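Undergrad: Dropping the structure in here first, questions after.
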Amino acid sequence: MGSADPFGTEGLRAAVLASWRDSPTRLREDAATEADLVRAGYRDRLLTELAQNAADAAAKAGVPGEVRVRLDGRTLSIANTGAPLDLSGVHALTALRASGKAEATAVGQFGVGFTAVLAVSDDIEFRSTTGSLHFSRDRTREALRESGIATPNAVVPDRLADTDPAASTFRPPALRLTWPVEAGPAPGFDTEVVMRLRADVDADALLSAMRDEATDLLLELPALQSLRIGDDEFTSVVRELGDGLEELRVTGPDERGRGWWQFRTPRARWLLPLRDGKPHAAPHDVLRAPTRSDEELSLPALLIADIPMQPDRRRLLPGARVTELASGYADFARALPPADRLVLVPTPGFARSEADGLLREAIVRELQTHSWLPVVDQKADADIPNAGALGLDSSYGIDSSRGVIPTAVPARASVFPYLTPELARLLDDVIGPLVIPELSSGAHTEALAVLDVHRLGLARLAELSGGVERPPAWWREWYAALEPFVVDPLTAEELGALAVPLADGRLVTGPRTVVLDDMLELAIPLHWARLVHPEATHPLLSRLGARSATAEDLLADPALHADLSDHPDDPDLVDAVLRLAAHADPDALPPWLGMIELPDGTGELLPADELLLPEAPLYALLVEDAPLGTVAEEVVAEYGAQALRAVGVGWDFGIVAESDPTGPDHHLDDEEAWWAGLPEEPAEFVAVRDLDLVDDIAWPDALHQLLAEPRTRRLLADPDGYTAWWLRRHARLDGIPLGHHRHPRDTEFAGLLPEFAVPGLSHTDLEVLRTVLANPERITSELADALLAALADPANNPEPEVVSRAHRHLAAAADRLDLTELELPERVRALSGAAVPAAEAMVLDLPWFGLVLPPDRLVLGDQETASGLATLLDLPLASESVTAEVLGAGLRTSWSAAPLGVVLRQLFSLPPQEGELVLHEDLRVRLSGAWSGTVSVPWWRSGAETHVRVPTAVEGTSPSAS
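Okay, here's the thing in structure tokens:
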């Protein structure tokens, strides 16, 4: 090793001893300083301080730092690689002062920290390849004695007496005097500190504590790469990740590694713990400068800082610029994967120290004012429509220069809670800058609030949507992306101002103001209704209050009715109606759609309901001068026959309809007469139109056509409706109104009215047409006239029973008819079947008068309706025109006493009879008045009396022998 005293320790000892000899106070001060450093500053920092020295040595030598701790009996040795001891180091070791290191990487070599060895030993050797030193408290005491320097008594009794009984005995400083030794460091190492442990030191506990420190030391001292304690080795490996980010992994004796992401700033290193490969906020820690201090911190990352500390390295020096350590923290955040960056944001809470409070504020300010927060990819300002209306400009704070994911200054960014990728894609140039979906969940709410990121709600999105111009399909995606966020009435209310694109190209505010038609596939511009563009239609709009409407609903809108009333020829309006009608059920459309004006073959505009389609089957049914035009061929080609028929262009019979009609104002033939005959105004008016334009010879075909269409067939079934009423009165077969024809299955008027006969009708069709044929139970004035004329026509030969029923129906209707309007014929149909002069006829009101009067003079009706029939026919009653007198007194008895009365009651099923029964052997009646004579009759009634001729036995009749 060269000279026996390479560092001139003899001269150093002489100088120190001289100073002590000249100033006993200096000896006490050196002893007290050393005792204080051991007791307070470095009581538990043995490995830390020696590891710092080792790190400095490795850095100075430019070699990987290695430290080995070995216990041999009661001798503890700590060896390291790196620059060996030099003269300045010797001076620092013996001077009890902080080292004068200027390099940032030199953190602890040979300063007062070396006093930490005194916590376990009073006999220390510092072995190096350039020379070795021996420090000994006993040798120092011996040197004082040999130099004749008196040792003071009780240097520090007040402070140490309670904890150290030996404190009352003077303990000279152990590190002020040093002697050279020959022993060198262990093979493979450049320096080795050998300590002979005091008896009060638990060696095993000491090594266990060192093992606990090992990982932290490898984190704090990057120059160290290996630390072996006994048989346990700890190693560190650093891997570059890019953008200044490194992965630091420390592996212990159990081969289980722990990892951190490491980032260097001008004055600090930041370490973020990894768990299963993902970064997590660090637990509460302390400032490391570079090793652990007593300054407590609550930051998300471990801080290893280059900052002035007090000599014991436990506290910051007063005035240290703590806030400058935050510089570059935002760069650390930006270097992390986008989804992990918010882990670096300090969570709200109380500071654990003054330094902690200052650092937290500085870090938050650094994060708030620098671009690092990942945001949704934002197009350039020039590519954003309506950027000015959205409040956007070129100073978004977006920086996309560092990679694919752009970043923004948090204070200028916005976050939509639980943003989905779908919604983010749609919002990328609507709201800028917008925090990426991965950082928008509830777990990040607190961190984003710390950063003053603007929080967006559904109401704000709805408000912003009003200034967006997008194709309709985009809006459907927009609604689909918003739908998962509408979970209750409150969230639905927030979207009350959501913009909605309409089929006519407008963009309106508020789903409650629009209507939806899910069946439409093409956009049809409607000016009378806010119809959502079909490509934008989505169920969310219904949830937000949009009204569902079918094409039928839209075409029945009162607003459309008003528009058509004012502008029936508006080309845009007509186009929209016809395009919408192509998707509608014609039977559900209002008839007033027929007022839209369309060009006919000559180009003249006519209401749709005054036009027919080319080759319409209705043409064949109409009179030659029917006032109906033919719609232009080009209109049919553009819109199709179905749409034109739906709005009233004729193909077959059209319909007129109105709810709550107020009068006969529908321009229908003879409508006033029908209306006048109603008992009350109808609640709804529906009728077939243009019936008066049908040629009389075409009625068989017309009836077939009316029955073929469901909407007209329904109207035939209503006997009181205008359609059936008009057909009964005005439609004619062979010149005879339909209402004067009898149904084929009805025999009431057989021989009087013609049987309805139209070929090709089914049984069901005939039943539907009952309402337009003669109804015996609903005799009208017209039918009464027809029946009276038929009864008076000698050419007709109806059966007496048919005549009787016809008279009965006529008599029953007499109270409902205006008899002054009836045209009474000169002849009437008599009981004999002959048509006789009315002046000679009388109405048989009492059946027994039929036994005495000639059938040619009697009109037979019904005893109950005879009076009404006489009034209707203006004929006398037989009982009033002829007086009858019963001749002879007869035998007066009762019905129950006379055997003949009992037999007659059983024979004719008569109920109990009132009045007397008068029996005659020859019953004769004398007649006078309109008919005179005496007639023999089998029975007669006179008031309550019943006269009966008693049967007489034929001559020669006798009881048979038994």
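The opening position of the sequence shown corresponds to residue 696 in the working numbering, with each subsequent residue numbered one higher.
Glycine residues also receive a C-beta, built at the ideal position from the N, C-alpha and C atoms.
Just so it is clear, the structure is predicted and the values come from calculations on it, not from any experiment.
For glutamine 957, count neighbouring C-beta atoms within 10 Å of its own C-beta (all shown protein chains included) and say buried if the count is 16 or more, exposed if not.
TA: buried
Undergrad: How is the beta strand (DSSP E) around glutamate 990 delimited, first residue to last?
TA: Boundaries of the beta strand (DSSP E) harbouring glutamate 990: 987-992, taken from the DSSP string.
Undergrad: If you follow the beta strand (DSSP E) that threonine 789 is part of, which residue opens it and which one closes it?
TA: Note, threonine 789: premise wrong, no beta strand (DSSP E); alpha helix (DSSP H) at 782-790.
Undergrad: Within 10 angstroms of its Cβ, does phenylalanine 1603 collect 16 or more other Cβ (buried), or is it exposed?
TA: Only exposed fits phenylalanine 1603, as fewer than 16 other CB atoms lie within 10 angstroms of its CB.
Undergrad: Roughly how many whole angstroms lie between the Cα atoms of valine 762 and threonine 825?
TA: 18 Å
Undergrad: Starting from methionine 1537 and walking both ways along the alpha helix (DSSP H), at which residues does that stretch end?
TA: Per DSSP, methionine 1537 lies in no alpha helix (DSSP H) segment; the continuous beta strand (DSSP E) that holds it begins and ends at 1537-1539.
Undergrad: Does the beta-carbon distance from leucine 1689 to leucine 1514 come in below 8 Å?
TA: As displayed, the chain neither begins before 696 nor continues past 1657, which places residue 1689 out of reach and without an answer.
Undergrad: Hey, how far is the Cα of serine 1631 from the Cα of threonine 1641?
TA: 15 Å
Undergrad: Going along the chain, which residues of its own chain have a beta-carbon closer than 6 Å to the beta-carbon of phenylalanine 702, five neighbours each way excluded?
TA: For phenylalanine 702, same chain residues with a beta-carbon under 6 Å away, outside a window of 5 residues either side, are Leu782, Val785, Gly826 in chain order.
Undergrad: Between serine 1237 and threonine 1357, what straight-line distance do the alpha-carbon atoms span, to the nearest angstrom?
TA: Going from the Cα of serine 1237 to the Cα of threonine 1357 covers about 37 Å.
Undergrad: Quick check on aspartate 1051: buried or exposed, where buried means 16 or more other Cβ atoms within 10 Å of its Cβ?
TA: buried
Undergrad: Can you find at least 3 beta carbon pairs, one from the region 1102-1109 and one from the region 1145-1153, that sit closer than 8 Å?
TA: yes
Undergrad: The beta strand (DSSP E) that contains tryptophan 1067, what's its start and end?
TA: For tryptophan 1067, no beta strand (DSSP E) encloses it, and the DSSP letter there is neither H nor E.
Undergrad: Where do the N-terminal and C-terminal ends of the beta strand (DSSP E) with asparagine 748 fall, by residue?
TA: Careful: asparagine 748 lies outside any beta strand (DSSP E), inside the alpha helix (DSSP H) at 741-756.
Undergrad: To the nearest angstrom, how far is the alpha carbon of glutamate 1019 from that of aspartate 1001?
TA: Their Cα atoms are separated by approximately 10 Å.
Undergrad: Which two residues bound the contiguous alpha helix (DSSP H) that contains tryptophan 715?
TA: 704-717
Undergrad: If you scan the region 1613-1652 from start to end, which runs of the alpha helix (DSSP H) of 4 or more residues do you find wholly inside it?
TA: Those alpha helix (DSSP H) runs which fall completely within the region 1613-1652 and span 4+ residues do not exist here.
Undergrad: Do you know offhand how far glutamate 1366's Cα is from alanine 1529's?
TA: 40 Å
Undergrad: Kindly indicate which residue of Pro1449, Arg1437, Pro1489 has the alpha-carbon position closest to the one of asparagine 1470.
TA: Comparing Cα positions, the closest option is Arg1437.
Undergrad: Alpha carbon to alpha carbon, how far is alanine 1593 from glutamate 1616?
TA: 14 Å
Undergrad: Please classify alanine 1075 as buried or exposed, where buried requires at least 16 neighbouring CB atoms within 10 angstroms.
TA: Because alanine 1075 carries a pLDDT of 39, less than 50, the predicted location of this residue cannot be relied on, and no value is offered for it.
Undergrad: For phenylalanine 809, does the three-state DSSP call read helix, strand or coil?
TA: Phenylalanine 809 falls in the helix class under three-state DSSP.
Undergrad: Assign alanine 1378 to one of three DSSP states: helix, strand, or coil.
TA: coil
Undergrad: Could you give the C-beta distance for alanine 1192 and glycine 1161, rounded to a whole number, given that I count them as a contact under 8 Å?
TA: 7 Å
Undergrad: Is the separation between the beta-carbon of aspartate 1121 and that of glutamate 1188 shorter than 8 Å?
TA: Looking at the sequence shown, residue 1121 is not aspartate but leucine. It is not a contact, given that the beta carbons lie outside the stated cut-off.
Undergrad: Residues in its own chain within less than 6 Å of arginine 822 by CB, not counting five upstream and five downstream?
TA: Ala878, Gly879, Pro880, Glu887
Undergrad: State the Cα-Cα distance for the pair threonine 873 and glycine 706, rounded to the nearest angstrom.
TA: 10 Å
Undergrad: Could you tell me which residues DSSP pairs with threonine 960 in its beta bridges?
TA: Ala963
Undergrad: Tell me the DSSP secondary structure of glycine 777 in three-state form.
TA: Reduced to three states, the DSSP call for glycine 777 is coil.
Undergrad: Expressed to the nearest angstrom, what Euclidean distance is found between the alpha-carbon atoms of glutamate 1049 and glycine 1023?
TA: Going by the C-alpha atoms only, they are around 21 Å apart.
Undergrad: Any idea if methionine 1537 is buried or exposed, counting beta-carbon neighbours within 10 angstroms, 16 or more meaning buried?
TA: buried
Undergrad: Three Cβ pairs or more, each shorter than 8 Å: is that satisfied between the region 1436-1454 and the region 1368-1385?
TA: Contact annotation: the region 1436-1454 does not touch the region 1368-1385, with fewer than three C-beta pairs closer than 8 Å.
Undergrad: Decide if alanine 710 is buried, meaning its Cβ has at least 16 other Cβ atoms within 10 Å, or exposed.
TA: exposed
Undergrad: Determine the DSSP secondary structure at glycine 760, reduced to helix, strand or coil.
TA: Three-state result, glycine 760: strand.
Undergrad: For threonine 930, does the three-state DSSP call read helix, strand or coil?
TA: strand
Undergrad: Could you spell out the range, first to last residue, of the beta strand (DSSP E) harbouring phenylalanine 821?
TA: 816-823
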